[in-house]
Amino acid sequence: MLKPELIRLNVAVKDKWEAVRLAGQLLVEAGHADADYVEKMVEREQALSTYMGSGLAIPHGTNEAKALIRSTGLSVLQIPDGVDFGGDEPAVLVVGIAAQGGEHMDILTSVAMVCSEEESMERIRTADSAEEIIRIFESGMEE
103 MLKPELIRLN
113 VAVKDKWEAV
123 RLAGQLLVEA
133 GHADADYVEK
143 MVEREQALST
153 YMGSGLAIPH
163 GTNEAKALIR
173 STGLSVLQIP
183 DGVDFGGDEP
193 AVLVVGIAAQ
203 GGEHMDILTS
213 VAMVCSEEES
223 MERIRTADSA
233 EEIIRIFESG
243 MEE
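Residue numbers (the numbering used here): 103 to 245.
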């Protein structure tokens, strides 16, 4: 599900809105969602922060945005300096989600489980290739 072209390393953003839009734009460019999905991700963030704790934010669209999703996909932004998502600490990892049907909760849970491991988060935060991030997620989701 994770592809190298959907992963950006060493990203610098001015605020969470730029991070959400970039994560969404990657999903749109890869064909996972219609262009309007990005604004639905922003709407979701305005209604309720997608910051999960431990440096992880998982922006995704509103329930009404389901019709804008063409296929399930993930985008990943590694933000070494972090960006304020309104949590207890800056988000250093932003994972954008476009999920069809009932896959949404399963994907959220899987991403959260991988990132709940302090060691995995540190490895993702310091990874120097998209392939390395893919390996970390794949090995964590298999467990």
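Note that the Cβ used here is the ideal one computed from N, Cα and C, for glycine as well. Given the structure is predicted, the values throughout are model-derived calculations rather than measurements.
| query | result |
| --- | --- |
| Secondary structure, alpha helix (DSSP H): runs of 4+ residues fully inside the stretch 112-159 | 118-131, 139-149 |
| Endpoints, the alpha helix (DSSP H) within which residue 218 is located | 205-218 |
| Beta carbon proximity, residue 229 to chain C, threshold 8 angstroms | Absent from the structure is chain C; it holds one protein chain and no more. |
| Counterpart residues of residue 108 in DSSP-defined beta bridges | Answer is none; residue 108 lacks a bridge partner. |
| beta-carbon residue 142 near the ligand FMN non-hydrogen atom, thresh 7 angstroms | No copy of the ligand FMN occurs in the structure displayed, which carries no ligand at all. |
| Alpha-carbon to alpha-carbon, residue 219 and residue 125 | 22 angstroms |
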